[in-house]
Amino acid sequence: MKKIYILFITLISTFAVNAQVSFGNMQNQISRGKDGINVFDVQKDNREFKGLSIDLGGAFNMDFQATNSFNDQPAGSTTTTTTASGTTVRTITGYRLMNTENNFTLPGADMYLGAQLFDGVRVNLDIYLASRHHNDSYVKGGYLQIDKLDFIKKDFLADVMKYATIKIGQMENNFGDAHFRGSDNGNTIRNAFVGNNIMYSFTTEMGMEVYYNRNGLVSMLGVTNGNLNQSNEEVFYTAGPNTNTTHSPSILAKLGYDKQLNEDLRIRLTGSYYHNANLGNANIYSANRSGFGYWGILNNNAYKNTITKTDADGNVISTTTTDVPTSFSKTSTPEATFNPNFKNWATTYMINPFVKYKGLEFFGTIELASGGDKAGTDDKRTANQYASELIYRFGKTEQFYLGGKYNTVSGKLSNADAKKVTVDKFEASAGWFMTKNILAKLNYVNQNYKDYSQFVGDPAAGNPNNFYGGKFNGLVFEATIAF
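Structure below.
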């Protein structure tokens, strides 16, 4: 946090010393408010370069949540394991899901710093000021965006750069289109709902992306080093096909068509690709550090796990009772999302259709993911996701909207599982843009978990699975500001 203050003071001092520095004169920048909705990838504009300029922005949200969680776990559970030497009985007492109050949750807050450094060249720094999984402010990412190569020579490759953009840095990687309509910590104004996709593709890795968009063509090719937390340490596996190896790069690609056919109709269709041949963990499904959109969902109260062992004749050998703590804490909660937990390798395809006719818009997601079961093996399993949003925007400036969304995911959590699990969700939302930078929305959610096992891991261990027959539903009122 101290470093952020120093950086901000330095920027202000620079402005005071150099009168030629301006504020807000940024080229090719997508609005962080209402005007940025349905603007994907990158964009070009004709804004004139007027020297060094500083950009300062922010995003904040505040949620009032009224939801309830349920599952099929009995108040007390008993598991029995019999071996040649005797019997082990594990009894669960005091287990129940935690109640949640109808109350406000921790607001999210972001800050954005940027600078127009040269004609067609700007730098961006995205900062999480307050988020669920960190007590301190920290940097989400920073990158350089190049829309012209005039710093090499005036009009260098001008015919190419008229349609091309280069992004370099530690940044939110552009896989698919769904993340452009999702919530990102305090920045929730682009999301017509409160929750993101159940299996949410989001990561920030060190890399480069090159775009070429022309006459409806949408294209992007990117590469990252595959690391969420940067490190040059060796990755070492003691068994399997990748013994004593290092991370492989992640490959990203997008190809599609996006055209405003007439005043009323816009059509967009993109296909995206992600692949990493050798990784420690699939960051793409586990890197959303700002957390799930709903708080305190499907968390258990503390309970007691009593283990009684008897010999083959039924005589009690030992009895041990341990306190199992709640899985809830104020700083971090187990996310009620779906993470396939791919390791060693992962490949994902995403198809996103988008149609907007006057105030009516449809957005869809087809996501087909596969990956290795665990580090050191090449066993393959899959997880498939489907989502559809239908939103109607109305009013003189489309300042109001009504929307519905259905989302379902199905896949095995590990190769050893006998069958797949399924999670599905329905959301309905109504929103009002009070201004282009202020949005109030009321959201209803109903999410269900199917075919989850009763216990986590070995049933003999007797650790209840909160997602067994799990579901939650309720209302969330969210107010968000972005500028």
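Numbering (mature numbering (1 follows the signal peptide of the UniProt record, and there is no 0)) for the sequence shown: -19 to -1, 1 to 464.
Heads up, the beta-carbon is just placed ideally off N, CA and C, and yes, glycines get one too.
Since the structure is predicted, the reported quantities are computational estimates derived from the model, not experimental observations.
The C-alpha of V104 is placed about 7 Å away from the C-alpha of L98. Classified as buried, N444 has 16 or more neighbouring CB atoms from the shown chains inside 10 Å of its CB.
Here DSSP, grouped into helix, strand and coil, assigns G203 to strand. The alpha carbon of M152 has as its nearest neighbour, out of N243, F436, N208, the alpha carbon of N208. Residue state for H256 is assigned as strand, using DSSP reduced to three classes. When C-alpha distances from M43 are compared across V437, N429, I419, Y433, the shortest belongs to I419.
DSSP places M142 inside the alpha helix (DSSP H), whose first and last residues are 139 to 142. P445 carries a strand assignment under DSSP once its states are collapsed to helix, strand and coil.
For T81, no beta strand (DSSP E) encloses it, and the DSSP letter there is neither H nor E. Of the candidates E29, Y373, G237, the residue whose Cα lies closest to the Cα of L202 is G237. Here S3 is bridged, per DSSP, to S34.
Going by DSSP, V404 is part of the beta strand (DSSP E) stretching over 402 to 416.
Nearest neighbour of K285 by Cα position, chosen from F319, I298, T302, G277, turns out to be T302. For N49, the three-state secondary structure derived from DSSP is strand. Using a Cβ distance threshold of 8 Å, M7 and D53 do not count as a contacting pair.
With a threshold of 16 other beta carbon atoms within 10 Å, G197 falls short and is exposed. Cα atoms of K135 and V141: separation of roughly 13 Å, rounded to the nearest angstrom.
For F381, the enclosing beta strand (DSSP E) stretches over residues 381 to 392. Judged by DSSP in its simplified three-state form, N429 adopts strand. The residue among K235, S271, T60, M187 with its C-alpha nearest the C-alpha of D91 is S271. No Cβ-Cβ contact shorter than 8 Å links L130 with A111. Counting other Cβ atoms within 10 Å of its Cβ, P321 reaches 16 or more and is therefore classed as buried. Per DSSP, D22 lies in no beta strand (DSSP E) segment and is marked neither H nor E. By a beta-carbon distance limit of 8 Å, Y181 does not contact Y254. Their separation comes to about 18 Å. Here K339 carries a coil assignment [DSSP, helix/strand/coil].
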